[in-house]
Amino acid sequence: MIQDVLARPLRNLRLSVTDRCNLRCEYCMPEEEYVWLPREDVLHFEEISRLVDVFLPLGVDKVRLTGGEPLLRRGLPSLVAMLSAKAALTDLAMTTNGILLAGEAEALRAAGLRRITVSLDTLQPDRFKALTRSSELPRVHEGIAAAGRTFPGAVKLDTVVINGVNDDELVPLVEYAKAAGAEIRFIEYMDVGGATRWSADRVFSRAAMLARLAAHYGPIEPIAETSAAPADRFALRDGTVFGIISSTTAPFCRSCDRSRLTADGVWYLCLYAASGVDLRAALRRGAAPHEITALVEHAWRGRADRGAEQRLALGERRAFVPINSLRQDPHLEMHTRGG
Ligand code: SAM
């Protein structure tokens, strides 16, 4: 297993299978128009599989499919089947907005997907519409119900909490997750590329989340863990477990073993990195696997990124990437890098 400059292993690979999305969440894709990746640049499943074969011997053992919305990628269960056949991969998960999940859950399970995370920011239809510009909340509920049946004990819900927007729904969302048999994780609003409406006063901090939940549920116990998972987990008095991902006010760069491959094969070593390694170019020019391995190994051994910590150290913060830069390079977008 290789390590970077800060002794962080290369383990978690997030594969964005498309930059397209069927929602327009206001914290991620709020603009009217987007510049999409050229279709011919998008990796074929065989190409993704070949790149994963490069990553596995270097230490990657967890892969998460994401996007954009991964279920917009036609034939996704075929990719899942190709990946799940790789013995070195111990974990294969997917993050989805849930709209298309009910129709796909069985096929994904049969193909070897192990875990599902569904993004759900509100239980209120009007608010959902305002946040996502979509009326598909009922289908998201159907997707979560299907996930609960098909992946029992392996479903998570992710909620981005925005101050003054949905911070009043923490308790209803905990109750909803409990009833759905899912573990919920509350995510601080991040100033990543694409979050053009981000401002510091819209962040609802981990401390504020804990205070809000404690006011309703009573004492909350932190769960001691040693994993590099992004969420800190907590238990309520009745044993209900939830997580908080505090990338904005308490980043965890020191244990970050995650990297991201875009749908067009550019590999990013940090969500906040200005540039990535173009593995598609290497693949399509016919580089041998050992040459691509050398590229990946060299980049990871030189990795010193601590993007979220550096953003925090700035003190005065505004949206990370200006809209004009996003238009010039869609790779700077969260929906291209995969959240
Ligand atoms: N379409 C899928 C989904 O909705 O989950 C996968 C891609 S989405 C970019 C992955 C995750 O990134 C979602 O949970 C989303 O809420 C999160 N995300 C996007 N923008 C964010 C932001 N500004 N701050 C925090 N989380 C964000």
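Start counting at 1 in the sequence shown, then tack on 670, and there's your number in the working numbering. Backbone N, C-alpha and C define an ideal beta-carbon position, used for all residues, glycine too.
Quiz item: In the DSSP assignment, what residue or residues form a beta bridge with residue 913?
Solution: Here residue 913 refers to the residue found at position 243 when the sequence shown is read from its first residue. DSSP lists 855 and 903 as partners of residue 913.
Exercise. State the Cα-Cα distance for the pair residue 891 and residue 781, rounded to the nearest angstrom.
Key: Position 221 of the sequence shown, counted from the start, is the residue given in the question as residue 891. Position 111 of the sequence shown, counted from the start, is the residue given in the question as residue 781. Rounded to whole angstroms, residue 891 to residue 781 spans 37 Å at the Cα level.
Practice problem: With a 10 Å radius around its C-beta and 16 neighbouring C-beta atoms as the bar for buried, classify residue 671 as buried or exposed. | Solution: Position 1 of the sequence shown, counted from the first residue, corresponds to residue 671. With fewer than 16 other beta carbons inside 10 angstroms of its own, residue 671 counts as exposed.
Quiz item: Hey, quick one: how far does the alpha helix (DSSP H) through residue 942 stretch, first residue to last?
Solution: Here the question's residue 942 lines up with position 272 in the sequence shown. Element bounds for residue 942: n/a, residue is neither H nor E.
Practice problem: Could you tell me the boundaries of the beta strand (DSSP E) in which residue 928 lies? | Solution: Position 258 of the sequence shown holds residue 928. Start and end: 928 to 931.
Quiz item: residue 736: beta carbon under 7 Å from a heavy atom of ligand 1?
Solution: Locating residue 736 in the sequence shown gives position 66, where the first residue counts as 1. Distances from the CB of residue 736 to the heavy atoms of ligand 1 include at least one below 7 Å.
Quiz item: Relative to the alpha-carbon of residue 730, which residue among 963, 946, 978 and 994 has its alpha-carbon at the smallest distance?
Solution: To locate residue 730, count along the sequence shown from 1; it is residue 60. Among 963, 946, 978 and 994, the Cα nearest to that of residue 730 belongs to 963.
Quiz item: Is residue 731 helix, strand or coil by DSSP?
Solution: Start at 1 with the first residue of the sequence shown, and residue 731 comes out as number 61. Coil.
Self-check item: Whole-angstrom distance between residue 713 and residue 889, CA atom to CA atom
Solution: Here residue 889 is taken as the residue at index 219 of the sequence shown, counted from 1. Here residue 713 is taken as the residue at index 43 of the sequence shown, counted from 1. The C-alpha of residue 713 is placed about 48 Å away from the C-alpha of residue 889.
Quiz item: residue 733 to residue 797, Cα distance in whole Å?
Solution: On the sequence shown, residue 733 is found 63 positions in, with the first residue counted as 1. On the sequence shown, residue 797 is found 127 positions in, with the first residue counted as 1. Rounded to the nearest angstrom, the two C-alpha atoms are 32 Å apart.
Quiz item: For the stretch 778 to 821, which segments carrying the beta strand (DSSP E) assignment without a break, of at least 3 residues, lie completely within its bounds, in sequence order?
Solution: Entirely contained in the stretch 778 to 821, the beta strand (DSSP E) runs reaching 3 residues are, in chain order, 785 to 789.
Quiz item: Near residue 676, which residues of its chain fall below 6 Å by C-beta distance, leaving aside the five closest residues on each side in sequence?
Solution: Sequence index remark: in the sequence shown, residue 676 carries index 6 (1-based). If you ignore the 5 residues before and after residue 676, its C-beta comes within less than 6 Å of no other C-beta in its own chain.
Quiz prompt | Nearest to residue 944 (by Cα), restricted to the options 992, 830, 876 and 724 | solution = For the purposes of this step, residue 944 is taken as residue 274 along the sequence shown, with counting starting at 1. Comparing Cα positions, the closest option is 992.
Quiz prompt | Reference residue 716; option with closest CA among 939, 961, 746 and 702 | solution = One-based indexing of the sequence shown puts residue 716 at position 46. Selected option, being the one with the closest Cα: 746.
Self-check item: C-beta atoms of residue 930 and residue 1008 nearer than 8 Å
Solution: By one-based count along the sequence shown, residue 930 stands at place 260. By one-based count along the sequence shown, residue 1008 stands at place 338. The Cβ atoms of residue 930 and residue 1008 lie closer than 8 Å to each other.
Practice problem: Flag this pair as yes or no: are the beta carbons of residue 710 and residue 769 separated by less than 8 Å? | Solution: Residue mapping note: residue 710 aligns to position 40 of the sequence shown, counting from 1. Residue mapping note: residue 769 aligns to position 99 of the sequence shown, counting from 1. Taking 8 Å as the Cβ cut-off, residue 710 and residue 769 do not qualify as a contacting pair.
Quiz prompt | beta strand (DSSP E) segment containing residue 1014, residue limits | solution = Lying before the first or after the last residue shown, residue 1014 is absent from the chain, which here runs from 671 to 1009.
Quiz prompt | ligand 1 heavy atom lying under 7 Å from the CB of residue 805 | solution = Sequence index remark: in the sequence shown, residue 805 carries index 135 (1-based). Relative to ligand 1, residue 805 has its C-beta separated by 7 Å or more from all heavy atoms.
Quiz item: Should residue 688 be labelled buried (16 or more other beta-carbon atoms within 10 Å of its own) or exposed?
Solution: Working through the sequence shown from its first residue, we reach residue 688 at position 18. Residue environment for residue 688: buried (at least 16 other C-beta atoms within 10 angstroms of its C-beta).
Quiz item: Using a threshold of 7 Å, is the CB atom of residue 879 nearer than that to any non-hydrogen atom of ligand 1?
Solution: In the sequence shown, residue 879 corresponds to position 209, counting from 1. Flag unset: Cβ of residue 879 not near ligand 1.
Quiz item: Can you name the start and end residues of the alpha helix (DSSP H) that residue 848 belongs to?
Solution: The residue given as residue 848 occupies position 178 in the sequence shown. Counting along the chain, the alpha helix (DSSP H) containing residue 848 begins and ends at 840 to 850.
Exercise. Measuring alpha carbon to alpha carbon, tell me which of 810, 795, 967 and 696 ends up nearest residue 1070.
Key: Past the edges of the chain, shown from 671 to 1009, lies residue 1070, and the structure says nothing about it.
Self-check item: Any non-hydrogen atom of ligand 1 within 7 Å of residue 767 CB
Solution: Within the sequence shown, numbered from 1, the residue matching residue 767 stands at position 97. Answer for residue 767: yes, Cβ within range of ligand 1.
Quiz item: Around the Cβ of residue 685, are there at least 16 other Cβ atoms within 10 angstroms (buried) or fewer (exposed)?
Solution: Numbered from its first residue, the sequence shown carries residue 685 at position 15. Counting Cβ neighbours within 10 Å, residue 685 comes out buried, since at least 16 surround it.
Quiz item: Taking 7 Å as the cut-off, does the CB of residue 789 come closer than this to any heavy atom belonging to ligand 1?
Solution: Within the sequence shown, numbered from 1, the residue matching residue 789 stands at position 119. Flag set: Cβ of residue 789 near ligand 1.
Quiz item: Does at least one heavy atom of ligand 1 sit under 7 Å from the Cβ of residue 1005?
Solution: In the sequence shown, counting from the first residue as 1, residue 1005 sits at position 335. Answer for residue 1005: yes, Cβ within range of ligand 1.
Practice problem: Return helix, strand or coil for residue 871, following the three-state DSSP convention. | Solution: As a position in the sequence shown, residue 871 is number 201, starting the count at 1. Reduced to three states, the DSSP call for residue 871 is helix.
Quiz item: For residue 722, which residues of its own chain have a beta-carbon under 8 Å away from its beta-carbon, when the five flanking residues on both sides are left out?
Solution: Position 52 of the sequence shown, counting from 1, holds the residue named residue 722. Closer than 8 Å at the Cβ level, and outside the excluded window around residue 722, lie 683, 685, 730, 733, 753, 756 and 759.
Quiz item: In terms of residue numbering, what span does the alpha helix (DSSP H) encompassing residue 953 cover?
Solution: The residue you call residue 953 lines up with position 283 of the sequence shown. Looking at the DSSP string, the run of the alpha helix (DSSP H) that includes residue 953 is 949 to 954.
Exercise. Let me know the secondary structure DSSP gives residue 981 once reduced to three states.
Key: The residue labelled residue 981 in the question sits at position 311 within the sequence shown. In the three-state scheme derived from DSSP, where H, G and I count as helix and E and B as strand, residue 981 is classed as helix.
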